[in-house]
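In the working numbering, the protein residues as written are 250 to 445.
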């Protein structure tokens, strides 16, 4: 499979309806959001971020199956070939390509975060926790020195269990003021800070 950014967008396009379909089920908080339309962009961004995270996590597995979901134009831009990808070559060019992809995904997560406070209070924790846990997959790719061919990027059960209370605290701190000051020094390497 020879993807272009258009084919990546097609994969992503399947995620947009997921976020949009979930909105009426999750419902918005009428005190924080005047219309469902305000929550649409963050919902779409979350669906895209989750799917792109899966794509980055699974680069090696997909290559073994003869599939490439990374945009070929961007691979060429970084001087990384299809042959290198299918051979599982992790070099400086590949690492820069994946850093670029991760930066894009983190931007989608930041957009998605803005919608959490607009959701009904009962819906905030599951969305926040999924965002926090999935973002840790990106951290794991970085910790694995961008080698997602030979090392699986995953979040341990313990880390997931420890993430849930932090996600709960973040949901309580809807203005994003006190938790950042409290958590900041301990954050990196465990859970990505809200702005990262």
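Ideal placement from N, C-alpha and C gives every residue a C-beta, glycine not left out.
Inter-residue Cα distance where the pair is residue i and residue j
i	j	result
residue 306	residue 381	16 Å
residue 357	residue 294	5 Å
residue 416	residue 406	15 Å
residue 332	residue 315	11 Å
residue 372	residue 303	23 Å
residue 397	residue 322	20 Å
residue 325	residue 376	35 Å
residue 400	residue 299	20 Å
residue 364	residue 418	16 Å
residue 292	residue 383	15 Å
residue 308	residue 317	7 Å
residue 286	residue 370	18 Å
residue 361	residue 411	22 Å
Secondary structure of residue i, DSSP reduced to three states
i	result
residue 305	helix
residue 319	coil
residue 403	coil
residue 419	helix
residue 341	helix
residue 335	helix
residue 494	Since the first residue shown for the chain is 250 and the last is 445, residue 494 is missing from the structure and cannot be characterised.
residue 388	helix
residue 328	coil
Reference residue i, options the options, closest by Cα
i	options	result
residue 336	360, 410, 311	311
residue 393	366, 348, 420, 353	348
residue 350	391, 367, 366	391
residue 385	369, 367, 374, 408	408
residue 422	410, 366, 411	366
residue 290	411, 353, 359	359
residue 353	280, 297, 420	297
residue 280	313, 411, 368	368
Expected contact under 8 Å - CB spacing of residue i and residue j to nearest Å
i	j	result
residue 327	residue 346	4 Å
residue 378	residue 413	6 Å
residue 395	residue 343	7 Å
residue 355	residue 319	That pair is no contact at about 17 Å.
residue 339	residue 374	About 36 Å separates the two Cβ atoms, so there is no contact after all.
Closer than 8 Å: residue i CB and nearest the ligand ADP heavy atom
i	result
residue 319	With respect to the ligand ADP, the structure shown offers nothing to examine, as it has no ligands at all.
Below-9 Å beta-carbon distance, residue i vs any chain B residue
i	result
residue 280	In the structure shown, chain B does not exist; there is a single protein chain.
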